[in-house]
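Peer 1: Going left to right, the sequence shown walks through residues 1 to 245 as my numbering numbers them.
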Amino acid sequence: MFASASEWQGSLLALGDPEFDPSFATVERIWLDDECWLDHRPGWLQGSDLVMAELVARVPWTQRRVPMYERVLDEPRLVWWWSETGGGDEAVLLPVLQEVRHALSRYYGRHFDSIGLNLYRDGHDSVAWHADRVRFQQETPIIAIVSVGAPRPFLMRPLGGGPSRSWLLGQGDLFVMGGWCQHTWQHTVPKIAHAAGPRLSITFRHGGDPPELTDQPVGQPRRSSSSSAMLDASGAGNNSRNVNA
Ligand SMILES: O=C(O)CCC(=O)C(=O)O
C-alpha cells in the first residue's frame, strides 16, 4: 500500500516552493447550464508534488468504514479534515493551504472555513457519484478542489440523465463548482485500471457540517426566490472573473 512520502515518485519538475496565482486571472469559467458553473485552471498550484509528499507524510489519515450491501467495508480512499470551528490539527496543514483558503475567500466572497483531504492511493480508490451534503445548508455552495499527484478523471453528470463531462485533475489543478451544481449535478472520481500514481484532492468548503461518512443520493433540486440574489452576490451569476478579487 502507498504509505509514505518516500514512496511518492513525483515529477521532479513539479518540485519547488508551492505558490499560486491569487488573482485567479487565468481561471476559465465553464457553464454547465444556465445555473451551474465551474472554474478551471490547470496547474494553478505550483510545487504541487512537494505539497503531495508533505501531506502524505504528515497527515494522520483516517480509514472510514461504510455500511454497504449489508456489510461494513473500508471506504475506498483515505481522508482527513480540518475546520476553523474545531476538528483536525491545524499544525498538520501546510501554510500554503491556509493561504489558498484565504485567497479563495477573498475571490469568491465566501468564508471558506474547512479543508478536507481525500487520498486516492491507486486506481482502486474512488468516490462514488454524489453531490455534497453542504447543499442541505446552502443554496449555492462553492466547493473548490485543488488536486495534487497523478491526474485522475473527475466526472460530472446532470441529475436526471444526460451525458457526463470529464476532466483530468491532478498536478496542482484548480477546479471549483458553484451555482446550483450540488443540487442538479453529481460528481465522481471513478476507479480506473491503471493509475499512474496516487492523487490527493484538497477540498475547500464554507459553512457546512463535517464531511459525510457516505455519499448520499442527490435530492430534488431546490429553488427559492432568493437564488438570483445569492448568485449575484457570490459572483456566480455573471461571467466576471474579478468579482471580489
Ligand atoms: O477527489 C475529488 O476531486 C472529489 C472529492 C469529492 O467529491 C468530495 O470530497 O466530496
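Note that CB positions come from ideal geometry on N, CA and C, so glycine has one too.
Spatial neighbours of Leu93 within its chain, please: CB distance less than 7 Å, with the 5 preceding and 5 following residues excluded, ordered by chain position.
Peer 2: Here the set comprises Trp82 and Ile115.
Peer 1: Sort Gly197, Gly162 and Asp39 by Cα distance to Ile145 and report the nearest one.
Peer 2: Minimum Cα distance to Ile145 is reached at Asp39.
Peer 1: Within its chain, find whatever has a CB closer than 6 Å to the CB of Glu84; leave out the 5 residues flanking it on each side and keep chain order.
Peer 2: So the list reads Asp113, once near-sequence residues are dropped.
Peer 1: Sorted by chain position, which residues of the same chain lie with C-beta nearer than 6 Å to Leu155's C-beta, five sequence neighbours on each side aside?
Peer 2: Closer than 6 Å at the Cβ level, and outside the excluded window around Leu155, lie Ser164, Ser166 and Thr188.
Peer 1: Hey, Val148 and Leu78: beta-carbon distance below 8 Å or not?
Peer 2: No.
Peer 1: Going by DSSP, what residues sit across from Tyr120 in a beta bridge?
Peer 2: The partner list for Tyr120 (beta bridge, DSSP) reads Arg199.
Peer 1: With 16 as the cutoff for other CB atoms within 10 Å, does Arg222 come out buried or exposed?
Peer 2: Interpretation of Arg222 is limited by its pLDDT of 38, a score under 50 that renders its predicted location unreliable; the figure taken from the coordinates is listed afterwards. Answer is exposed; the Cβ neighbour count stays below 16.
Peer 1: Between the C-alpha atoms of Gly179 and Arg41, what's the straight-line distance to the nearest angstrom?
Peer 2: One C-alpha to the other measures close to 18 Å.
Peer 1: For Ala86 versus Trp80, is the C-beta spacing smaller than 8 Å?
Peer 2: One detail in the question is off: residue 86 reads as Gly in this sequence, not Ala. Against a cut-off of 8 Å, the Cβ pair of Trp80 and Gly86 comes out as no contact.
Peer 1: At a threshold of 7 Å, does Thr203 count as lining ligand 1 (C-beta to nearest heavy atom)?
Peer 2: It does: the Cβ of Thr203 is within 7 Å (strictly closer) of some heavy atom of ligand 1.
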